[in-house]
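Under numbering that gives the first Met the number 0, the first residue of the sequence shown is numbered 0, with each subsequent residue one higher. No residue lacks a Cβ here, since even glycine has one placed at the ideal position from N, Cα and C. Keep in mind it's a predicted model, so treat the numbers as computed, not measured. Presented below is the structure to which this report refers.
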Amino acid sequence: MRNYIGIFDERIRPTPATAGVATREVMDAVRQMILDEHRDSLLESTLKQAEDEAPWIREENLTRLINAILEKRLFLPLREKLLNCLTQVHYQQEIQLEEALILVRGRPQEYFGIARKNQSNWAAAISHFNQIGKEIYPSRMVAALLSCAKVSMRGVMLTYSCVHVLMGFP
């Protein structure tokens, strides 16, 4: 991981379109190596630490724990550089999205063709959606997005569809 962080500026950053994917691949490879080489001992030590909290632990929890550690150790030091890469690649789309959001902000659900009987409380979903930008780690961003979807799945999908129609995406 240190080697990857060290070579990021020299080898990875010059190709911003693949920087995120390359970082994800490194995280996946390191996680798999840790699981392959240390799964049993990690499960055993984690089980001892979790005895007070829960009588069992699943491998899924171990994978989440490893992912969280990798995000802190690999993603966090590269966060600003990765965001700069993403901005370079998606700059025009970001501008288009911001313009589209300005056009639809505050519009009633009827504006999007949603019958009154099918309307939902978008305020709760939007509140959860706004949380995404406040998160630092990708896993927490995904959790915030899933929370948003759970609050108002119908509203989220309609909002997503409307933004994509406005942006000209399929």
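Rounded C-beta distance between Met0 and Arg72? I'm assuming under 8 Å. Within the sequence shown, the letter at position 1 stands for residue 0. Within the sequence shown, the letter at position 73 stands for residue 72. About 6 Å separates the two Cβ atoms, so the contact holds.
Taking C-beta to C-beta, are Ala138 and Glu70 nearer than 9 Å? Residue mapping note: residue 138 aligns to position 139 of the sequence shown, counting from 1. Residue mapping note: residue 70 aligns to position 71 of the sequence shown, counting from 1. Per the sequence presented here, residue 138 reads as Ser, with Ala not at that position. Their beta carbons are under 9 Å apart, which means Ser138 touches Glu70 by this criterion.
Using a 10 Å radius around the Cβ and a threshold of 16 neighbouring Cβ atoms, would you call Ala28 buried or exposed? Against the sequence shown, residue 28 aligns to sequence position 29. Exposed, because fewer than 16 other Cβ atoms sit within 10 Å of the Cβ of Ala28.
Between Thr216 and Leu34, is the Cβ-Cβ spacing less than 9 Å? Missing from the structure shown is residue 216; the chain here goes from 0 to 169 and no further.
Do Gln87 and Pro15 come within 9 Å of each other at the CB atom, strictly closer than that value? Looking up residue 15 in the sequence shown gives position 16. Looking up residue 87 in the sequence shown gives position 88. In this structure, Gln87 lies closer than 9 Å to Pro15 by Cβ.
Beta-carbon proximity check, Glu134 vs Ala122, cutoff 9 Å: As a working mapping, residue 134 is identified with position 135 in the sequence shown. As a working mapping, residue 122 is identified with position 123 in the sequence shown. The answer is no: Cβ separation not under 9 Å.
Quick check on Glu109: does DSSP put it in helix, strand or coil? Numbered from its first residue, the sequence shown carries residue 109 at position 110. It is helical.
Give a yes or no on whether the C-beta atoms belonging to Lys116 and Asp8 are separated by under 9 Å. In the sequence shown, the residue the question calls residue 116 occupies position 117. In the sequence shown, the residue the question calls residue 8 occupies position 9. Not in contact: Lys116 and Asp8 (Cβ atoms no closer than 9 Å).
Is Gln118 closer than 9 Å to Gln108 when the C-beta atoms are compared? Counting from 1 along the sequence shown, the entry for residue 108 is found at position 109. Counting from 1 along the sequence shown, the entry for residue 118 is found at position 119. A contact, by the Cβ cut-off of 9 Å.
Exposed or buried, which one is Leu20 when buried takes at least 16 other CB atoms within 10 Å? Here residue 20 is taken as the residue at index 21 of the sequence shown, counted from 1. According to the sequence displayed, residue 20 carries Val and not Leu. Here Val20 is exposed, its C-beta having fewer than 16 other C-beta atoms within 10 Å.
Return the chain-ordered list of same chain residues with a C-beta closer than 8 Å to the C-beta of Pro54, the five sequence neighbours on each side being excluded. As a working mapping, residue 54 is identified with position 55 in the sequence shown. Annotation note: pLDDT 38 at Pro54 (below 50); position unreliable, no value reported.
Close Cβ partners of Pro76 (< 8 Å) along its chain, the five nearest in sequence each way excluded: Here residue 76 corresponds to residue number 77 of the sequence shown, with the count starting at 1. Hits under 8 Å: Ile4.
Would you list, in sequence order, the uninterrupted alpha helix (DSSP H) runs of no fewer than 4 residues that lie entirely inside the segment 49 to 99? Segments of the alpha helix (DSSP H) lying fully in the segment 49 to 99: 58 to 69.
Please state the DSSP three-state secondary structure of Val155. As a position in the sequence shown, residue 155 is number 156, starting the count at 1. Because the pLDDT at Val155 is just 46, under 50, the model does not fix this residue reliably, and the value given afterwards should be weighed accordingly. Looking at Val155 - three-state DSSP - the assignment turns out to be helix.
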